[in-house]
Amino acid sequence: MLMISDYIRPKSLEEAYELLTNKENSQLIGGGAFLRLTSKDIELAIDLCDLKLDFITEMDTSIEIGAMTTFREIEKSNTLKKYFGSILSDSVKEIVGVQFKNYVTIGGSIYPKYGFSDLITALLALDTKVILYKAGEIKLEDYLKEKTTEKDILTKIVLNKERALTSFKSLRKSSGDYSVLNVAVSKNRDGYRIAVGARPGAAVLVPEAEELLNSSATINEEIVNKTANIASEGLSFGSNYLASAEYRKDLCSVLVKRALMEVIA
Amino acid sequence: MKAVININGRDRELSFEPHENLLEVLRRYGYSSIRKGCDTTSCSVCTILIDDKPVHSCSYLVARAEGHKITTVEGVEGEAEKIANLLIDEGVDQCGYCSPGFVMTLMGLKNELKNPTDEEILDYFMGNLCRCTGYVGQLTAIKKYLEVK
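In order, the protein sequence lines correspond to chains Y and Z.
Each residue of the first sequence is one higher than the one before, counting from 116 in my numbering.
Each residue of the second sequence is one higher than the one before, counting from 7 in my numbering.
This is the structure in structure tokens:
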């Protein structure tokens with residue numbers, strides 16, 4: 116059972132960071148959903164809910180999304196749909212239910228780099244930067260690879276405001292369950308991006324597969340099949356209670372193909 | 007800890023531990039319509055409204071609810087009775103354990119979506135688990151309540 120000795124809602128990021136770094140055994144609260152299922156004993160819970168970090172703002176060349184923005188707000192955002200199609204709403208659509216999506220936050224999902232995350236895979240297929248209070252700006256793909264030990268606060272993410280054709284695909288054993296595997300594809304004027312997540316490790320891009328697409332004059336079914344094979348052969352997969360590594364490998368080529376066919380249609 | 011929270015239109019001062027969620031504390035204060043199901047954010051039996059939006063009361067810290075408006079079945083008794091009668095008409099009331107969460111989710115849907123399609127209703131209720139029935143009767147009852155075809 117989760118135990119919390121003290122709880123505070125800081126009024127500024129500076130205050131939140133001070134508390135996080137100066138107090139031993141302190142813990143940030145984003146949505147609180149995953150934390151609630153743990154048996155941690157926390158001295159100080161620092162709730163970020165009063166920091167006005169729930170926003171989706173269209174800037175000149177980017178779209179900024181605050182760390183405390185809920186999955187439901189992502190799902191319903193017309194701004195995100197306008198530039199990126201339904202990739203982000205599709206990625207959160209089947210996560211538990213509307214009750215869950217009304218309090219689960221993007222910061223709470225991205226900061227811990229959850230391998231099972233559907234949203235991270237979709238964001239990785241777009242050009243996304245993570246903004247940390249202390250460490251500053253870092254590309255999402257680099258952030259996911261980094262072994263961070265320093266405590267920090269994810270304040271917002273920034274998406275390049277470039278219209279893209281997109282697709283998100285996942286397989287679940289039942290609706291609302293975790294993804295066995297998920298795939299996200301986007302294509303804008305810079306080329307294709309393919310992300311694969313829930314392997315079950317954290318989502319990764321597949322540069323070799325992207326390269327084949329970007330260097331092909333026309334994309335037909337043959338190229339799509341080749342790309343799907345490169346992705347499933349090139350990535351590593353693991354086994355857990357949802358599926359074996361072999362199954363995930365086979366599934367990867369199927370989902371990459373389905374997502375790509377949708378993008379080129 | 008102590009906090010003043012607006013519950014069903016009335017400000018109440020609640021005493022609680024920092025790690026306690028709304029589910030257990032609201033039940034302790036007499037809001038016994040709220041039921042515990044899976045207690046792991048999966049079944050939506052414990053659904054209440056916070057600022058008119060459905061959330062799992064089993065995973066929402068009481069401390070975080072300060073300054074927000076909470077609605078439980080006790081605050082929407084008239085509508086709850088209408089919905090209960092529609093469920094009975096469809097023969098899908100059965101054990102009734104999931105009904106409070108079902109009623110509050112329907113209140114949330116009504117606040118959020120105008121003239122929803124079947125697909126939108128089913129998406130909205132994706133997290134509401136019922137162990138007795140097959141969901142078809144519930145969909146009919148929801149549509150009758152919302153007066154949509």
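All C-beta atoms, glycine included, are put in the ideal place defined by N, C-alpha and C.
For residue i, three-class secondary structure by DSSP
| i | result |
| --- | --- |
| A71/Z | helix |
| L143/Y | strand |
| A346/Y | helix |
| N340/Y | helix |
| D162/Y | strand |
| R151/Y | helix |
| F170/Y | coil |
| Y122/Y | strand |
| I157/Y | strand |
| T111/Z | helix |
| N117/Z | helix |
| T77/Z | strand |
| V211/Y | coil |
| L106/Z | One point to set straight first is that residue 106/Z is Pro, not Leu, in the sequence displayed. It is helical. |
| K228/Y | coil |
| S216/Y | Checking the displayed sequence, the identity of residue 216/Y turns out to be Lys instead of Ser. In this structure, K216/Y counts as helix in the three-state DSSP scheme. |
Whole-angstrom distance between residue j and residue i, CA atom to CA atom
| i | j | result |
| --- | --- | --- |
| M110/Z | V371/Y | 39 Å |
| Y83/Z | V142/Z | With the sequence shown as reference, residue 83/Z is identified as Glu, and Tyr is not the correct amino acid for it. For E83/Z and V142/Z, the distance between alpha carbons rounds to 24 Å. |
| L296/Y | Y35/Z | 43 Å |
| L280/Y | V213/Y | 26 Å |
| G97/Z | E179/Y | 48 Å |
| S330/Y | I345/Y | 14 Å |
| G114/Z | R187/Y | 13 Å |
| Y130/Z | E361/Y | 34 Å |
| S351/Y | N275/Y | 28 Å |
| K116/Z | V79/Z | 15 Å |
| S368/Y | A343/Y | 4 Å |
| T184/Y | I221/Y | 6 Å |
| N140/Y | T333/Y | 55 Å |
| D57/Z | E325/Y | 44 Å |
| G107/Z | K42/Z | 10 Å |
| Y307/Y | E190/Y | 23 Å |
| L3/Z | S39/Z | Residue 3/Z lies beyond the residue range present for chain Z, which begins at 7 and ends at 155; the question has no answer from this structure. |
| L166/Y | L128/Y | 7 Å |
| G81/Z | K126/Y | 32 Å |
| A310/Y | N193/Y | 23 Å |
| S301/Y | T176/Y | 18 Å |
| G251/Y | K228/Y | 17 Å |
| T270/Y | I246/Y | 6 Å |
| C138/Z | Y103/Z | 10 Å |
| N217/Y | N137/Y | 31 Å |
Supposed contact pair residue j and residue i - C-beta distance, whole angstroms, cut 8 Å
| i | j | result |
| --- | --- | --- |
| G147/Y | L168/Y | About 14 Å separates the two Cβ atoms, so there is no contact after all. |
| S206/Y | F283/Y | 5 Å |
| G349/Y | G316/Y | Rounded, the Cβ-Cβ distance is 14 Å, inconsistent with contact. |
| K75/Z | N12/Z | 5 Å |
| L128/Z | L145/Z | 7 Å |
| T47/Z | H62/Z | 5 Å |
| V68/Z | F22/Z | 5 Å |
| E209/Y | S290/Y | 6 Å |
| E158/Y | S120/Y | 5 Å |
Element boundaries [alpha helix (DSSP H), containing residue i]
| i | result |
| --- | --- |
| E361/Y | A360 to I379 |
| S206/Y | I202 to K208 |
| D124/Z | D124 to Y130 |
| I225/Y | I221 to I225 |
| I235/Y | D233 to A240 |
| A147/Z | V142 to L152 |
| E30/Z | L28 to R34 |
First and last residue of the uninterrupted beta strand (DSSP E) at residue i
| i | result |
| --- | --- |
| G84/Z | Element bounds for G84/Z: not the beta strand (DSSP E) but the alpha helix (DSSP H), E83 to D95. |
| E133/Y | Careful: E133/Y lies outside any beta strand (DSSP E), inside the alpha helix (DSSP H) at L128 to N137. |
| A9/Z | K8 to I13 |
| S21/Z | R16 to S21 |
Checklist entry - Just by C-beta distance, which residues in the region 128-139 of chain Z are closer than 8 Å to chain B? => result Structure shown: chain B not included; protein chains present are Y and Z.
Item to check | Complete beta strand (DSSP E) runs within the region 40-67 of chain Z (minimum length 3 residues, chain order) | outcome: 53-56 and 59-62
Next on the checklist: Quick check on the DSSP output: what are the complete beta strand (DSSP E) runs of length 3 or more inside the region 176-204 of chain Y, in order along the chain?
Outcome noted: 177-181
Next on the checklist: Quick check on the DSSP output: what are the complete beta strand (DSSP E) runs of length 3 or more inside the region 242-330 of chain Y, in order along the chain?
Outcome noted: 243-247, 251-254, 269-275, 280-287, 294-303 and 306-312
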